[in-house]
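Protein chains in written order, with full-length UniProt numbering: chain D, 1 to 471; chain S, 1 to 471; chain R, 1 to 471; chain A, 1 to 471.
4 protein chains.
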Amino acid sequence: MHIQKKAHSSLNLAKNDSFDTPEKKVTHTHSHNQESNQKQSIQVDVTNYNHPPNISKLIPVSKIYSAYKLLKNVVTRTPTQKSMKLSEYFGANVYIKREDLQIVRSYKLRGAYNKIISIPENERHRTIFCASAGNHAQGVAYVCNLMKINCIIYMPTNTPSIKFNAVKSWGKQYVQIELVGDTFDESFRASREKCNTENGIYVHAFDDEKIIEGQGTIAVEVLEDINEDQVDFMFFPVGGGGCGAGISSYFKQVSPQTILIGVEPEGSPSMYEAIKQQQIVELETINTFVDGAAIKKSGAKPFDILNSVLKEVVLIPEGHVCTTMMKLFNEEGILVEPAGALAISALDKFKDQIKGKTVVCLISGSNNDLGRMTDIRMLSEIHQGLQYYMFVNFFQKPGALKQFLIQCLGPTDEVTNLEYTRKNNREKGPALVGVKVKKPQDFEAMKNKMEELKITHRILQPNQEIFKMLL
Amino acid sequence: MHIQKKAHSSLNLAKNDSFDTPEKKVTHTHSHNQESNQKQSIQVDVTNYNHPPNISKLIPVSKIYSAYKLLKNVVTRTPTQKSMKLSEYFGANVYIKREDLQIVRSYKLRGAYNKIISIPENERHRTIFCASAGNHAQGVAYVCNLMKINCIIYMPTNTPSIKFNAVKSWGKQYVQIELVGDTFDESFRASREKCNTENGIYVHAFDDEKIIEGQGTIAVEVLEDINEDQVDFMFFPVGGGGCGAGISSYFKQVSPQTILIGVEPEGSPSMYEAIKQQQIVELETINTFVDGAAIKKSGAKPFDILNSVLKEVVLIPEGHVCTTMMKLFNEEGILVEPAGALAISALDKFKDQIKGKTVVCLISGSNNDLGRMTDIRMLSEIHQGLQYYMFVNFFQKPGALKQFLIQCLGPTDEVTNLEYTRKNNREKGPALVGVKVKKPQDFEAMKNKMEELKITHRILQPNQEIFKMLL
Amino acid sequence: MHIQKKAHSSLNLAKNDSFDTPEKKVTHTHSHNQESNQKQSIQVDVTNYNHPPNISKLIPVSKIYSAYKLLKNVVTRTPTQKSMKLSEYFGANVYIKREDLQIVRSYKLRGAYNKIISIPENERHRTIFCASAGNHAQGVAYVCNLMKINCIIYMPTNTPSIKFNAVKSWGKQYVQIELVGDTFDESFRASREKCNTENGIYVHAFDDEKIIEGQGTIAVEVLEDINEDQVDFMFFPVGGGGCGAGISSYFKQVSPQTILIGVEPEGSPSMYEAIKQQQIVELETINTFVDGAAIKKSGAKPFDILNSVLKEVVLIPEGHVCTTMMKLFNEEGILVEPAGALAISALDKFKDQIKGKTVVCLISGSNNDLGRMTDIRMLSEIHQGLQYYMFVNFFQKPGALKQFLIQCLGPTDEVTNLEYTRKNNREKGPALVGVKVKKPQDFEAMKNKMEELKITHRILQPNQEIFKMLL
Amino acid sequence: MHIQKKAHSSLNLAKNDSFDTPEKKVTHTHSHNQESNQKQSIQVDVTNYNHPPNISKLIPVSKIYSAYKLLKNVVTRTPTQKSMKLSEYFGANVYIKREDLQIVRSYKLRGAYNKIISIPENERHRTIFCASAGNHAQGVAYVCNLMKINCIIYMPTNTPSIKFNAVKSWGKQYVQIELVGDTFDESFRASREKCNTENGIYVHAFDDEKIIEGQGTIAVEVLEDINEDQVDFMFFPVGGGGCGAGISSYFKQVSPQTILIGVEPEGSPSMYEAIKQQQIVELETINTFVDGAAIKKSGAKPFDILNSVLKEVVLIPEGHVCTTMMKLFNEEGILVEPAGALAISALDKFKDQIKGKTVVCLISGSNNDLGRMTDIRMLSEIHQGLQYYMFVNFFQKPGALKQFLIQCLGPTDEVTNLEYTRKNNREKGPALVGVKVKKPQDFEAMKNKMEELKITHRILQPNQEIFKMLL
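Here it is as structure tokens:
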């Protein structure tokens with residue numbers, strides 16, 4: 001108990017960007033203490049940065065290695081590539097582990113296979129049940145088809161057909177999909193109940209040691225493939241925590257000097273909160289934008305492991321994830337899903353610490369609905385301060401619009417949207433205006449001009465109902 | 001038979017404004033012949049302009065006068081006012097008969113009362129049936145409540161609650177309203193059938209001599225109240241034709257020199273077509289905007305009468321009706337329903353002929369849904385060439401919108417609507433632009449400017465689906 | 001000073017409907033005290049209800065009567081009609097003074113004439129200046145044309161062309177209009193400055209004794225025309241206060257037993273605040289919807305008078321004004337401007353007190369932009385709880401919309417608006433839904449159903465930006 | 001001359017899908033003749049299918065091979081992969097040549113390098129000029145930076161910033177970009193003029209032998225890398241024709257039995273029209289959606305070559321291109337630009353002929369603006385008959401919407417969009433309705449239901465202004 005607390009006191013829970021809660025300030029203090037420790041002896045500090053981790057909580061190396069042997073001929077050994085662009089930008093050796101190129105386009109196949117292969121032959125007539133909003137479902141479906149075991153997969157009713165079809169196409173006649181529940185949680189509960197009444201075998205997406213072992217095989221490949229002497233930093237996304245738990249267990253025992261960083265979406269900080277409160281919590285509402293990592297409640301086993309070894313849990317705003325996605329595609333031609341961009345998104349925050357170091361980022365998957373890309377581009381531009389949507393209150397007089405366009409817009413500012421209706425008998429009336437600027441400062445100039453002309457405005461935020469309604 | 005044909009040949013069927021069909025040209029020829037006759041002897045011509053009308057078809061003066069006596073204590077004797085503004089504008093003595101001030105706000109009370117009072121006492125236990133989209137229903141409801149006779153009134157399902165409530169409020173416990181049918185015609189058929197099966201008494205809105213007599217009492221009041229020696233022109237709206245038939249019958253016999261002009265909405269020219277084809281026709285589709293006068297098929301009796309005495313049936317575009325409505329309210333403070341503005345709308349077309357003459361225009365009613373006034377103002381401005389809605393195809397480059405506003409808009413032109421979304425990867429994209437100009441020529445200048453800048457546009461018309469969708 | 005305070009303590013400042021501010025509670029207490037006084041001796045109380053009014057502050061009867069004589073042949077003597085509908089509804093003798101039928105369609109002609117005729121002959125070569133958003137401008141323009149004096153009228157830049165044209169049409173070559181300033185206040189300031197530099201004669205809209213005398217002639221006509229023995233209640237709208245001051249001065253001296261009630265729009269309570277704070281205040285922002293009575297700062301002279309004689313200033317929500325307007329038109333065929341409906345709107349609040357009494361309500365004017373009527377109908381229906389606009393958060397699953405329509409809508413509930421876009425990859429998404437119900441309780445049922453189905457919603461209010469943007 | 005004509009008579013110009021012009025029927029006849037020839041002796045026919053090609057018009061093999069040697073160490077040797085999915089689906093060996101994986105993400109680098117390296121050393125101080133809407137610009141920029149030669153690249157003003165930035169990022173300090181002209185053609189003309197006045201070196205995107213040789217190196221790699229004995233069909237996109245001309249020249253001489261198929265977007269059929277009319281034509285308007293292959297006028301040299309060797313030019317509707325793009329990504333994880341999907345899109349049309357054969361499709365590039373993907377998904381679904389947008393004319397009565405949703409929608413049909421406003425006083429009013437169905441027949445059922453209920457509708461097409469405006 002006392003140890004636990006101390007452990008926590010040295011853990012750095014960081015929210016990126018826009019957050020400035022009292023909690024954050026507290027962790028900043030912790031972080032500062034820790035940094036001063038680092039100055040004395042980095043070597044020691046790195047090895048022991050968390051605390052003597054409770055090794056007994058970790059998955060033994062032997063188990064992960066066994067999984068690796070089992071999986072070898074089933075999964076793709078995805079490349080651990082050095083990214084020239086990222087390495088140059090950060091002045092570091094930045095590697096990316098390309099699980100976007102995995103079969104079923106995410107690492108989830110690893111855990112699913114390791115779990116299902118562990119079912120004794122004489123139990124394989126029983127039906128497998130699971131619930132998933134996406135990647136886990138594909139992994140399970142693929143394995144069930146491979147091993148000719150029947151499975152019933154629960155997905156929420158709002159599952160896009162592209163995901164539904166992918167699961168169907170991997171699982172073929174061995175998979176049956178049930179669309180139940182308005183949210184993943186409802187879907188999950190329904191699958192558990194049905195599994196019980198039907199005496200099925202439940203394959204949880206993350207809270208299962210076999211699953212964790214399977215995902216841990218990523219670490220085996222990374223450590224084998226990397227050219228450098230050692231890995232200084234390992235960044236991975238955290239949803240339920242299964243993947244991070246597997247990777248961390250392996251690294252902590254085989255490459256203890258590697259600093260382990262878990263990365264969560266700001267809108268669904270379940271592991272962040274769990275570690276902060278030193279117990280699993282169920283969040284009330286979450287933003288499901290980063291669908292591969294948006295979960296209300298962390299896994300119990302993953303929590304135990306990550307709580308004991310993580311140096312930091314970083315929270316990344318959704319807009320930042322979008323920017324990373326766009327950059328990855330535009331600059332490196334790599335198209336990932338939002339969760340796949342989490343780990344790389346965290347680098348900005350560590351740019352001082354990683355300079356000159358060897359860093360690995362896990363790209364977890366690429367099951368992306370291309371139809372979302374227009375939104376993602378928009379969110380990215382808003383996050384970067386290059387695109388704004390606002391209500392502008394025009395005086396309802398002739399020429400008000402013209403005046404705005406001529407006087408408030410700079411030479412390279414662009415109007416991207418305009419919905420304007422002039423109404424009589426009102427002094428002022430709102431118009432929806434979208435503008436794109438070349439750099440954030442250009443918008444400052446526009447705001448000043450508006451103020452000068454007494455034109456009031458209100459910027460719309462992507463998380464507002466009105467934004468979702470209009471854009 | 002031969003006479004009838006000749007009669008027709010001297011009848012002037014005129015469509016106002018925008019029409020230029022072959023038929024029109026034919027009637028122009030007729031009109032021309034007639035005009036040359038006029039030159040020889042106006043006096044004779046005016047008296048005989050139609051032909052010796054088949055007096056036997058008309059309602060006898062005695063019957064209309066009896067109706068007048070009966071009605072005297074029931075209806076309001078509405079004023080026949082001289083309009084200073086119209087008189088000045090046309091250089092004529094223009095009178096308006098204010099049936100907008102009638103109880104139930106339309107002349108329909110006259111016919112309804114005259115019809116229902118004619119039902120023998122011993123039949124008054126039977127239920128009265130009728131169908132109406134509005135004014136006739138109010139007239140019937142008022143009389144039934146007055147005379148304590150039960151009635152069942154059929155109205156279409158899309159009847160606005162304001163009309164529904166008005167009928168209810170006049171008829172109180174004596175009225176029962178059935179909302180049946182998507183159009184008036186469906187509603188009408190249903191009411192006839194029910195009346196038959198229930199052995200009711202049917203009170204038709206216009207195709208009934210008692211109704212026609214009742215409406216004809218308007219003419220008695222006009223001729224009594226007018227200050228001038230004689231009435232040279234009498235203008236009245238034509239829907240089913242009952243009102244026009246009553247007024248015409250009285251005038252033709254009492255003041256035969258008065259020229260009688262029926263006025264129909266351009267979008268529902270049932271009497272116009274009937275006279276042209278010398279038989280009643282049923283139009284396939286009509287524009288119901290001028291709801292008080294939009295009917296697919298004229299009454300048989302009204303047709304017989306009007307065909308024999310009318311000098312012209314004038315068709316008025318709906319936009320013109322709106323302009324008359326707006327002017328009447330803004331300049332004279334009189335608010336009428338669209339049908340109420342028809343007669344006055346026809347004056348423009350006769351401005352040469354009426355100069356120095358005495359003219360009466362019937363304002364038939366004022367049962368207006370105020371909620372329509374925004375549309376009516378818009379349609380009026382479009383009709384006058386002062387408001388335009390168009391798709392403008394902008395090049396999808398920065399600054400395209402600004403360029404348009406700066407270079408194409410004149411100093412007094414106003415943007416009233418703008419819906420613009422800039423899309424990448426397209427050379428051009430449409431925006432919805434609404435502009436208001438001070439005079440129609442200003443828009444010509446704007447069009448020239450757009451052409452010069454190679455900005456294409458397409459003007460949207462109020463009768464287009466896309467217009468109704470967007471505006 | 002002491003008297004003044006006591007005076008105030010017996011003054012009832014009431015806000016109608018939705019308000020429940022601490023101030024209101026305080027005035028309720030006052031009101032209660034007063035009511036208990038009333039029980040002892042109504043007669044005495046009515047005469048003295050305010051306090052012995054400071055007669056010296058009032059305009060002498062003789063001056064108002066002189067104005068009446070002067071105006072007699074210039075203005076229309078508008079009817080003081082008994083409203084059968086209102087009388088029946090309230091169980092009272094309710095009269096309406098129809099200044100909507102005045103020349104220039106508002107009482108403003110009275111004050112303007114009385115002021116301008118008072119200018120000595122040898123000063124009439126100077127130019128008259130004034131500022132007005134509407135009715136006062138028309139009055140001044142009419143008089144200047146009549147008396148052939150030049151005037152320059154300042155109006156805000158957002159003045160609708162209908163008002164602009166009306167002023168032009170009354171003033172003809174004698175009027176020059178300057179569109180200056182985004183608000184009335186800016187326009188007013190500009191007119192004062194110009195008047196000074198040009199050595200003009202300023203005709204203030206309300207803060208001028210000659211103006212107040214002119215408006216007071218309404219009271220002379222009312223007291224002459226009313227059939228009953230005495231007037232128990234006189235209700236009038238209050239904007240700047242000129243009209244109320246004139247009417248009150250006359251009544252207080254000629255018919256002291258009449259209870260005087262001023263009525264202000266809830267969105268611009270300048271006189272209410274002035275009386276509450278016992279000094280004129282300038283409001284920072286006001287709702288200009290009731291344009292004829294929306295003013296930031298009461299007149300000094302009017303305040304002095306009204307503060308001394310008013311029994312209550314009632315505040316009426318804008319939606320209530322709209323409902324009164326719709327009822328007046330639908331039930332009595334009288335179309336008024338928003339300010340014209342204020343006085344009648346206050347009757348609801350006094351329904352117990354006025355039972356069996358004689359009540360006069362001033363309809364101040366009818367200069368209405370018909371293009372606003374669609375909005376007015378909507379605001380009225382919202383105010384009555386019969387129309388709702390809301391964001392409904394649908395689960396983004398197939399059939400969500402169908403489910404809502406089938407399960408949440410009652411048999412007589414209607415969807416009037418629906419803007420719905422189903423987006424993938426979101427659990428929920430907002431749709432704009434407009435519904436109309438037959439009675440407010442039907443919406444309660446709908447809300448319960450939505451809650452049951454876990455469909456969240458948010459009702460949009462007319463004063464919200466988002467409402468103005470979307471509706 | 002005579003030979004040329006005969007040659008043309010055996011050329012098959014096919015438009016895919018929806019086209020059924022008289023021209024097509026003519027070519028069908030040709031095609032039929034040819035097919036009967038095939039029956040006699042496929043072997044002979046295949047070798048000689050076009051005619052003895054005018055070898056003198058082709059680029060000599062030696063030149064293309066030299067280019068291949070030069071390029072070897074500069075460009076990526078992209079894989080020629082067997083697609084398991086396509087092979088299985090068509091019952092053929094379908095290979096894809098992955099130029100989407102090329103540096104600068106398109107094959108354009110090949111031509112650009114081969115051209116610029118051919119500039120003599122002593123001329124390399126002169127500035128290089130070119131015009132391009134995208135890929136060619138990137139190729140030139142990359143080479144100029146590599147070879148340290150300055151270049152000025154003209155791009156149209158509507159170039160998205162992502163393309164602008166990519167060119168900048170490849171060319172670094174050696175590239176200067178000029179945004180000139182609203183269309184590519186204007187941009188092109190400007191670049192030619194400037195190049196002349198500045199004595200620059202012009203690097204045309206396709207009408208240059210050096211460029212054609214460079215693109216022809218694709219063929220060298222394909223023939224080397226393919227596993228099968230021979231290539232039966234080679235499909236490639238055609239824009240200006242440079243790439244096709246290079247590939248065709250090499251194949252015709254080295255693998256003469258390979259049938260060569262050029263594929264053009266239906267909206268910009270410049271080569272199709274050129275071959276049909278036996279001369280280069282300039283199209284008046286084109287659809288620029290398939291930006292990499294949308295050109296108004298084919299190159300002269302490419303036309304000479306392709307006219308002499310092509311078996312068919314296939315036209316692919318833009319919606320079909322979108323469907324191919326979506327399938328490629330969803331099923332194979334390959335994200336291409338629209339032009340990159342052209343060749344594979346043509347396979348459907350040849351499915352009988354290619355059965356059992358070896359087929360190569362060139363994926364030309366992957367410079368895609370991700371922001372377009374939402375549109376691309378929509379266009380794909382519309383093309384497949386799974387998504388519809390329409391105006392539905394609802395009767396303006398309560399419950400009309402509910403009735404539609406309940407009665408017309410099948411159990412798996414989904415409403416994706418709904419914009420509905422109920423208006424009074426109209427019988428009918430349009431609503432925008434978007435629906436998604438599981439199979440095209442479901443929509444037939446919906447249409448029948450609507451007809452039954454007399455609900456009229458009009459389907460909106462993606463090329464309509466109104467579609468672009470609303471969706």
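Idealized CB from N, CA, C, for every residue including glycine. Computed from a prediction, not measured in an experiment: that's the story for all the values here.
By the rule that beta-carbons nearer than 9 Å mark a contact, Q396(S) touches chain A.
In the displayed model, K69(A) falls within a helix according to three-state DSSP. H457(R) carries a strand assignment under DSSP once its states are collapsed to helix, strand and coil. Annotation: the continuous alpha helix (DSSP H) that includes L306(D) extends over 300-309. The bridge partners DSSP lists for I103(A) come to none. By the criterion of at least three beta-carbon pairs nearer than 8 Å, the segment 154-164 of chain S is in contact with the segment 184-195 of chain S.
Within chain S, no C-beta atom comes less than 9 Å from the C-beta of Y95(D); the nearest is roughly 33 Å away.
Residue environment: T416(A) is assigned as buried (16 or more neighbouring CB atoms within 10 Å of its CB, all protein chains considered). Every beta strand (DSSP E) of 3 residues or more that sits fully in the segment 408-443 of chain D is shown, in chain order, as 414-421, 428-436. DSSP lists I153(R) as the beta-bridge partner residues of C130(R).
Note: M234(S) is bridge-paired with L260(S), V360(S) in the DSSP secondary-structure output.
Counting C-beta atoms within 10 angstroms of its own C-beta, M373(S) has 16 or more neighbours from the protein chains shown and is therefore classed as buried.
Around the beta-carbon of R77(R), fewer than 16 other beta-carbon atoms lie within 10 Å, marking it exposed.
Taken through DSSP and simplified to helix, strand or coil, N122(S) comes out as helix. Taking each of R422(D), N227(D), G91(D), I152(D) in turn and checking the Cα distance to Q176(D), the smallest one comes out for I152(D). The beta carbon of K428(R) sits closer than 7 Å to the beta carbons of N393, F394, F395, Q396 from its chain, once the five residues preceding and following it are set aside; these are given in chain order.
The continuous beta strand (DSSP E) containing E178(S) extends over residues 175-179. Around the Cβ of E451(S), a 10 Å sphere holds fewer than 16 other Cβ atoms; the residue is exposed. For N54(A), the closest of P256(A), E193(A), V94(A) by C-alpha to C-alpha distance is P256(A).
Comparing alpha carbon positions, the residue from I218(A), W170(A), I295(A) closest to P79(A) is I218(A).
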